[in-house]
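To start, the structure itself, in C-alpha cells.
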Amino acid sequence: MTGEAVNPKAYPLADAQLTITIMDLVQQAANYKQLKKGANEATKTLNRGISEFIVMAADTEPLEILLHLPLLAEDKVVLFFCFFVFFGFLTVL
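Take 264 as the starting number for the sequence shown in our numbering and just add one per residue.
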C-alpha cells in the first residue's frame with residue numbers, strides 16, 4: 264500500500280507515533296489473550312459491551328466492511344476509542 268492514497272473515509276487516522284503506541288497496546292493485549300480479530304468478533308464484543316478499544320486498518324479493502332463499527336458503538340453507548348491505522352507508517356519508521 265505504499266504510494267497509494269488512504270481512503271478519506273478512514274477517519275480518524277492515527278499519525279506515525281500514535282500508530283506505534285497503538286501497536287504496542289495491541290501486542291500487550293495479544294500477550295494477555297484479550298485480543299479479538301476481525302469485523303465479526305469486533306461486532307460481537309460491541310454487542311456484549313466488552314469492547315473498550317477498537318483498531319481498524321485504514322488499508323482494508325473494501326473499507327465499508329469496517330464502517331459499521333463506530334455506528335454500532337454509538338448505538339450501544341459503549342465508551343470506546345476508534346482509530347484507523349495505516350500500516351504503511353510502520354514500514355517507513
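Just so you know, even glycine gets a beta-carbon here, dropped at the ideal spot from N, CA and C.
Rounded to the nearest whole angstrom, the C-alpha separation of F347 and L298 is 17 Å. Nearest neighbour of D338 by Cα position, chosen from D287, A279, K272 and L309, turns out to be L309.
In this structure, I328 is the residue among I328, N270 and K272 with its C-alpha nearest to the C-alpha of N303.
For A336, the enclosing alpha helix (DSSP H) stretches over residues H331 to D338. With 16 or more neighbouring CB atoms inside 10 Å of its own CB, T282 falls in the buried class. For I328, no alpha helix (DSSP H) run applies, since DSSP gives it neither H nor E.
In the three-state reduction of the DSSP assignment, A302 falls in the helix class, which pools H, G and I.
In terms of Cα proximity to A268, the closest of L332, A336, L335 and A321 is A321.
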